[in-house]
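Student:
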Amino acid sequence: MKKTAMILHVFVFALTLHAQKIVGTTTEDILQIGVIDGKTPVYVSKTIKEGLISTIVEYYVTIGKEKAGPYDVVGRLTFSPDGKTLAYGAQIDNKWCVFAGKEKAGPYDGVGWLTFSPDGKTLAYKAEIDEEYYTKILTNGKEYIGSTVNGVVIYVDNGTIYIK
Numbered sequence: 000m001k002k003t004a005m006i007l008h009v010f011v012f013a014l015t016l017h018a019q020k021i022v023g024t025t026t027e028d029i030l031q032i033g034v035i036d037g038k039t040p041v042y043v044s045k046t047i048k049e050g051l052i053s054t055i056v057e058y059y060v061t062i063g064k065e066k067a068g069p070y071d072v073v074g075r076l077t078f079s080p081d082g083k084t085l086a087y088g089a090q091i092d093n094k095w096c097v098f099a100g101k102e103k104a105g106p107y108d109g110v111g112w113l114t115f116s117p118d119g120k121t122l123a124y125k126a127e128i129d130e131e132y133y134t135k136i137l138t139n140g141k142e143y144i145g146s147t148v149n150g151v152v153i154y155v156d157n158g159t160i161y162i163k
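Using numbering that gives the first Met the number 0, you'd call the opening residue of the sequence shown number 0 and step up by one each time.
1) Less than 8 Å between the beta carbons of G119 and P80, yes or no?
2) Between which two residues does the beta strand (DSSP E) carrying K101 extend?
3) Where L113 and T159 are concerned, what is the direct C-alpha to C-alpha distance, given to the nearest angstrom?
4) Where does the unbroken beta strand (DSSP E) through K48 begin, and where does it stop?
5) For L76, does the three-state DSSP call read helix, strand or coil?
6) Looking only at its own chain, which residues have a Cβ that is under 6 Å from the Cβ of K48, when we skip the five neighbours before and after it?
7) Beta-carbon within less than 6 Å of S116's beta-carbon, same chain only, minus the 5 sequence neighbours each way: which residues are those?
8) L76: buried (16+ other C-beta within 10 angstroms of its C-beta) or exposed?
9) Give a yes or no on whether the C-beta atoms belonging to Y82 and W95 are separated by under 8 Å.
10) Skipping 5 residues on each side, what residues in its chain have a beta carbon closer than 6 Å to that of Y133?
11) From what residue to what residue does the beta strand (DSSP E) around D156 run?
12) Taking the straight line between their C-alpha atoms, what separation do you get for I136 and L51?
13) If you drop the 5 nearest sequence neighbours on each side, which residues of the same chain put their C-beta closer than 8 Å to that of I91?
The following block contains the structure:
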């Protein structure tokens, strides 16, 4: 009897491992493609890991060989007018951040309307904070509250008005 029970346990264990290999699959879909600097590929990928109990969905932003993420969601990619800088919104643990080149702003409750200044050095975007909406400006590693008028970015720093 003990031998039969032991064989049954080994069989169930082997079957469970085999089922996990079959069911535990990972797929990756390419969702959006672009080019930065006229030569480096940029894309957003969605990875789905299916297990026996749950499914995990992760998003990544890849620029050349650099992969950023995982994120819960990635917003639409925006390129600067000169094509040298990429900006995007990404959700991490139910909060949104804005990424522009190597700069990161946030976390916020929501983000949108990512717009570069004509020279591509300043990013304006809408940020939701505690159900209030602000136009935020990200430039030179600093964050300001500002505005955009007909595509022109306006913000104040130490009493000086900047128009870009």
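Note that beta-carbon positions come from the ideal geometry of N, C-alpha and C, so glycine has one too.
Tutor: So, to answer that:
1) yes
2) K101 -> no beta strand (DSSP E), and no H or E assigned at all.
3) 23 Å
4) 39-49
5) coil
6) T25, I55
7) V152, K163
8) buried
9) Tyr is not the amino acid found at residue 82; the sequence shown has Gly there. Contact: no.
10) A126, I144
11) 151-156
12) 45 Å
13) Y70, D71, P106
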